[in-house]
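Here is the structure we will look at, set down as structure tokens.
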């Protein structure tokens, strides 16, 4: 009988993965790259050693293309192709340095290393693009440099499928617009991706691991889409937003961030949608952040708080999320956090250190004028430990903290408008708990 229950448990998990896959939604991002020349990566036998490359201006690009036999003519349909080089900077400032160009070019399938001189110009970069428009970097392998790829005052640059390891900064964008970072693999850096004063750009489907900071976006940032990135094992923060506005964080997977999964400071109009944030100290930390929309995320297994809002964070919406087993509180509002609206969320076994059962709240409110329900629809949140009488206030759920807050309309079931994945998640928790309980009972019986 025990084997049968274990079989059922395995079946539930497999079905869960299948359903989560089926329930996945499109990102709305144009995932198709209309660049057929991207696919032509060279083989090891085609690689050749080259000295560091430095280009200044379109005329210099044309001249060096002729001298080196680089294919193309600089048009969007037929860009110059610089490819299949192994370049060792030998402790110098750069492997490839291109500036002041508008002609289209592609850097492809190059191995670049040892650009470690951060005191010169450019500052220790595998690739440094300055005042460049219309370039594509693809299939580059960059290691042991101060910065893997650095772009300064650049426009319409695509960086795709590059591998960058052992750098201070993997990719650094500064005063740039219309940038596309897609499918890159970055590891062992202080900063995986650093974006300073960047506008109208996409950071999509990158894998970042073992960095101090995964993605750091700051200063005069707007209209950024950061989607479907996989960020794991960061020493401090997976995604940090500072002085940013109109940024979308969508379907990112974040795990094992030592401090923060997502950290926000002085931000406005940020959208955080369908992300998964596991095993951080704080899932989402909000400091002086306003008008944030946090929807349909899975924020679970974090060692302190699922979400923390403080220092005048206000007018934020937390809607339709799943919070499971966050150790201190699922949501903590403190230090003048005010006018935040929280409803249609599902809370399971949070405040574990306080044993979040009937009589102990899973959330904390030390702010003012925060609403844990929608007064118009009379909908609150689903709490797995709600006992129906709110420990003295009939039909309400008490929130810990000095605000004296209540969810006046707690839901008896998970909100029906939740995504398929959220509903499945709730069902899996219940089923797994039942099966595990049955197994424990049978094990105890066998011991007797």
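In our numbering, the protein residues as written are 1194 to 1641.
Here a beta-carbon is modelled for each residue, glycine too, at the ideal position from N, C-alpha and C.
Test item: CB-CB of residue i and residue j under 8 angstroms
i            : j            : result
residue 1519 : residue 1574 : no
residue 1423 : residue 1460 : no
residue 1642 : residue 1364 : Because the chain spans 1194 through 1641 in this model, residue 1642 falls outside it and cannot be assessed.
residue 1301 : residue 1335 : no
residue 1328 : residue 1298 : yes
residue 1387 : residue 1352 : no
residue 1360 : residue 1344 : no
residue 1408 : residue 1385 : yes
residue 1436 : residue 1411 : yes
residue 1570 : residue 1532 : no
residue 1499 : residue 1535 : no
Residue range of the unbroken alpha helix (DSSP H) whose run includes residue i
i            : result
residue 1261 : 1251-1261
Other residues of its chain near residue i: CB distance less than 6 angstroms, five sequence neighbours each side excluded
i            : result
residue 1470 : 1447, 1454, 1476, 1492
residue 1526 : 1502, 1558, 1560, 1563
residue 1348 : 1326, 1370, 1371
residue 1481 : 1459, 1504, 1505
residue 1290 : 1247, 1315, 1321
residue 1590 : 1576, 1579, 1583, 1600, 1603
residue 1356 : 1334, 1378
residue 1281 : 1306, 1307
residue 1304 : 1279, 1334
residue 1323 : 1292, 1345
residue 1486 : 1464, 1510
Residue range of the beta strand (DSSP E) that includes residue i
i            : result
residue 1523 : 1522-1526
residue 1301 : 1298-1301
residue 1370 : 1356-1375
residue 1293 : 1287-1294
residue 1558 : 1556-1558
residue 1352 : 1348-1353
residue 1455 : 1453-1458
residue 1268 : Run containing residue 1268: none; DSSP gives neither H nor E here.
residue 1306 : 1304-1306
residue 1400 : 1400-1402
residue 1517 : 1515-1517
Contacting residues, own chain, Cβ-Cβ under 7 angstroms from residue i (five flanking each side not counted)
i            : result
residue 1462 : 1438, 1439, 1484
residue 1284 : 1307, 1309, 1310
residue 1444 : 1220, 1420, 1421, 1467, 1468
Residue i - partner residues in DSSP beta bridges
i            : result
residue 1485 : According to DSSP, which records beta bridges pairwise, residue 1485 is partnered with nothing at all.
residue 1417 : 1394, 1440
residue 1590 : 1600
residue 1531 : 1507, 1561
residue 1466 : 1443, 1488
residue 1388 : 1366, 1410
residue 1433 : 1409, 1456
residue 1276 : 1301
residue 1334 : 1304, 1356
residue 1328 : 1298, 1350
residue 1320 : 1289, 1342
residue 1480 : 1458, 1503
residue 1382 : 1360
Same chain only: Cβ atoms within 8 angstroms of residue i, ignoring 5 sequence neighbours per side
i            : result
residue 1148 : The structure shown does not extend to residue 1148, since the chain spans only 1194 to 1641, so no value can be given for it.
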